[in-house]
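So the structure is just underneath, and the comments pick up after that.
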Amino acid sequence: MPLPPQVLAIDLGTSGMKAALVAADGTVTGWAERPVPLRVLPGGGAEQDPVAWWDALAEVVADLGRSFPEHLRAVGTICSSAQGEGTIAVDAHGEPLTRCISWLDMRGAAHLRRQFGGFPSYRGISVRKIARWLWLTGGMPSVTGKDPAAHMLLVRDEMPEVYARTKSFLNVLDWINLKLTGRTVATVDSILTSWVTDNRRATGVRYAPSLVAASGIDADKFPPIVRCTEVIGTLVSHAADHLGLPASVRVVAGAIDNTAAAIGAGTVRDNEPHLYLGTSSWIAAHVAAKKTDVGSGIASIPCALPDRYLMTALQATAGANLTWLRDKIVEYDDPLLRAGQISRDEGTIFDAFDAIIPSVPAGADGVLYMPWLYGERAPVDNPHLRAGFLNISLETSRSDLLRAVFEGVALNTRWMAAAVDRFLGAPVSSLVITGGAARSRSWCQIFADVLGVEIRRDANPVLVNARGAGWIGAVGAGLIDFPDIPDLARNDHVFEPGPDRATYDDIYAIYTRLHKQLAPVYKRLHAGRRPA
0 MPLPPQVLAI
10 DLGTSGMKAA
20 LVAADGTVTG
30 WAERPVPLRV
40 LPGGGAEQDP
50 VAWWDALAEV
60 VADLGRSFPE
70 HLRAVGTICS
80 SAQGEGTIAV
90 DAHGEPLTRC
100 ISWLDMRGAA
110 HLRRQFGGFP
120 SYRGISVRKI
130 ARWLWLTGGM
140 PSVTGKDPAA
150 HMLLVRDEMP
160 EVYARTKSFL
170 NVLDWINLKL
180 TGRTVATVDS
190 ILTSWVTDNR
200 RATGVRYAPS
210 LVAASGIDAD
220 KFPPIVRCTE
230 VIGTLVSHAA
240 DHLGLPASVR
250 VVAGAIDNTA
260 AAIGAGTVRD
270 NEPHLYLGTS
280 SWIAAHVAAK
290 KTDVGSGIAS
300 IPCALPDRYL
310 MTALQATAGA
320 NLTWLRDKIV
330 EYDDPLLRAG
340 QISRDEGTIF
350 DAFDAIIPSV
360 PAGADGVLYM
370 PWLYGERAPV
380 DNPHLRAGFL
390 NISLETSRSD
400 LLRAVFEGVA
410 LNTRWMAAAV
420 DRFLGAPVSS
430 LVITGGAARS
440 RSWCQIFADV
450 LGVEIRRDAN
460 PVLVNARGAG
470 WIGAVGAGLI
480 DFPDIPDLAR
490 NDHVFEPGPD
500 RATYDDIYAI
510 YTRLHKQLAP
520 VYKRLHAGRR
530 PA
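In numbering that gives the first Met the number 0, the protein residues as written are 0 to 531.
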């Protein structure tokens, strides 16, 4: 029998280029990836080479073709998920004039304050301008300079010759779409953090003339806006040749990573949340109305669903704490891992952790961990916060520290979840958990116990962004509709809160006091230093 139509789902993250073959029912047949380096510069700079992305895309598609030639021949649609908040200046021919200024890049912070300062101000930004952003967009530029609003000003002020040659400023997703189709567009979610759109009507996201005029960037350098599910064209000849695909393959606009994950998790119904566990983490849910909770830093923003918004509450570091453990504390030849009888060839780091975590009782023998390795975003926006262990004694083991890290991230998520409950107007009783770190069964159980809610694990959490891009592409191609997705989503295990819930209630009461007591200390320690 002929294969069902396949979507080539591109998943471009900070770590590298990935691609998968996704059927309309969510089946992921193939997966390939290539790393792409991140270039860290003095003064807070962080860049990636867009040409390296494009070359890596050809390599991963070739890998898929070698492993799954029939499935690749069945590809009729391409759709991408990409890291957000990157900025690329392109010339009239679509060629990049700079490397991509990454979402980690803070060099534009001072230019942002100069452009948008005024009295009275909040962290150097005019309160009057903040109020206008909140009213029209639902948010405001990051004062750290990590989004396109600041990146574009950096180019304007420090690279005037580049600015003069710039035809358009594009986000990461937009540049990939330009290379695929020759068409310059932005999606309703990729344009968000340029902070120049009127988002008050989900079905009619458009540029706000007052915000464009105040941005300091020429209006004609902003691309036209399209819906995430719009077919924006077919492959131009050089893209078809580059990828080894027919020029007839259509390209659906796609979405940035958190938008795609919300679709890939299967959580498309109103107020149905998912918890994404990656380097950072977030709780997100589709909602009917635009809304902003200034106090907790939570907002609902344009997304892939054409008549809905996506509430997103972001935790700055989650899986990054495990990366820190892996790279700085635990090595693969470490006795801690040999105790779990796991080696690099026998399993993942998550298998190793899962062999050890259950041996330590809930509460990690009194050790508390604060997971603020890179500041925090929600429910407090504080770049000065840093991670730390509390209550270590001579009897504390590394296994205790390991469990404390898992618990600390979950406790911080509970702190954020309280703000999410208020935003949604009702307590969350069940969450889909997804993202690469959801592979740890122990961590999923800790989340269920700490949050006191049912945790439903995505059957293939590593592929959530690719699956989301696949489903967005399938909707754009007319293969399915968004309401079909919940019946197509698959979970492999349900974790129920257990008897450790009472222990974590007591620990949580202490945890929430730590921020109030330590925030002034961190502020003093970081006085005069560049924030994260």
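We put the beta carbon where it would ideally sit given N, CA and C, even for glycine.
Cβ-Cβ distance between residue i and residue j below 8 Å
i: Tyr503; j: Ala361; result: yes
i: Leu20; j: Leu63; result: yes
i: Ile9; j: Ser79; result: yes
i: Thr266; j: Ala238; result: no
i: Ser101; j: Ala45; result: yes
i: Val74; j: Val248; result: yes
i: Ser299; j: Val286; result: yes
i: Leu172; j: Leu111; result: no
i: Val463; j: Ala260; result: yes
i: Lys128; j: Ala212; result: no
i: Cys227; j: Ala254; result: yes
i: Arg106; j: Gly12; result: no
i: Leu450; j: Thr511; result: no
Backbone secondary structure at residue i - three-state DSSP
i: Met158; result: coil
i: Met310; result: strand
i: His525; result: coil
i: Ile190; result: coil
i: Glu345; result: Reliability of the predicted coordinates at Glu345 is poor, the pLDDT of 46 falling under 50, and no value is obtained from them.
i: Gly387; result: strand
i: Lys289; result: coil
i: Leu2; result: coil
i: Leu169; result: strand
i: Ile509; result: helix
i: Ser398; result: helix
i: Thr196; result: strand
i: Leu71; result: helix
i: Arg456; result: strand
i: Glu58; result: helix
i: Glu495; result: coil
i: Gln82; result: coil
i: Lys17; result: strand
i: Ser429; result: strand
i: Cys227; result: coil
When the options are compared against residue i, the one with the closest alpha-carbon
i: Ala312; options: Leu324, Thr347, Asp326 and His273; result: His273
i: Arg122; options: Thr143, Arg106 and Pro519; result: Thr143
i: Arg72; options: Pro4, Val195 and Asn464; result: Pro4
i: Ala252; options: Thr266, His237 and Ile231; result: Ile231
i: Asp146; options: Lys128, Ile87, Pro159 and Leu135; result: Ile87
i: Met139; options: Ala109, Thr291, Arg106 and Val187; result: Thr291
i: Arg199; options: Arg307, Ile356, Val211 and Gly434; result: Arg307
i: Ala149; options: Trp194, Arg98 and Val60; result: Trp194
i: Leu56; options: Ala31, Arg38, Pro36 and Val74; result: Ala31
i: Ala317; options: Ser120, Pro357, Leu372 and Arg466; result: Leu372
i: Thr76; options: Leu450, Leu179 and Leu487; result: Leu179
i: Val204; options: Thr228, Phe221, Thr136 and Ile255; result: Thr136
i: Val452; options: Gly477, Pro498, Phe481 and Leu210; result: Pro498
i: Asn320; options: Asp350, Val293, Thr278 and Ile356; result: Thr278
i: Ala436; options: Met415, Gln82, Asp353 and Pro485; result: Asp353
i: Ala363; options: Arg402, Phe349 and Pro357; result: Arg402
i: Pro68; options: Pro460, Ala386, Gly29 and Val461; result: Gly29
i: Phe181; options: Pro222, Arg512, Leu40 and Leu304; result: Looking at the sequence provided, one finds Gly at residue 181 rather than Phe. Selected option, being the one with the closest Cα: Pro222.
i: Ala386; options: Ala288, Ala416 and Leu513; result: Leu513
i: Ser441; options: Asn490, Pro460 and Asp350; result: Asp350
i: Glu84; options: Asp491, Asn170, Glu160 and Met158; result: Asn170
i: Leu309; options: Arg65, Ile355 and Thr258; result: Thr258
Residue i burial status per 10 Å Cβ neighbour count (16 or more: buried)
i: Arg343; result: With a pLDDT of 44 at Arg343, under the threshold of 50, the modelled position of that residue is not reliable, and the figure given next carries that caveat. Flag for Arg343 reads exposed.
i: Gly243; result: exposed
i: Thr202; result: exposed
i: Met0; result: exposed
i: Ala315; result: buried
i: Gln516; result: exposed
i: Asp505; result: exposed
i: Asp448; result: buried
i: Gly263; result: buried
i: Leu7; result: buried
i: Leu393; result: exposed
i: Ser358; result: exposed
i: Ile341; result: Confidence at Ile341 is low in this model, with a pLDDT of 41, below 50, so the placement of that residue is unreliable and no value is reported for it.
i: Val167; result: Note on residue identity: the sequence assigns Ser, not Val, to residue 167. It counts as buried.
i: Val225; result: buried
i: Phe115; result: buried
Inset, instruction - Assess, as a yes-or-no matter, whether the region 397 to 404 is touched by the region 420 to 434 under the definition of 3 or more beta carbon pairs within less than 8 Å. - result: At 8 Å Cβ cutoff, the stretches do not touch.
Inset, instruction - Give a yes or no on contact between the region 466 to 482 and the region 23 to 37, applying the rule of three or more CB pairs nearer than 8 Å. - result: Touching, yes.
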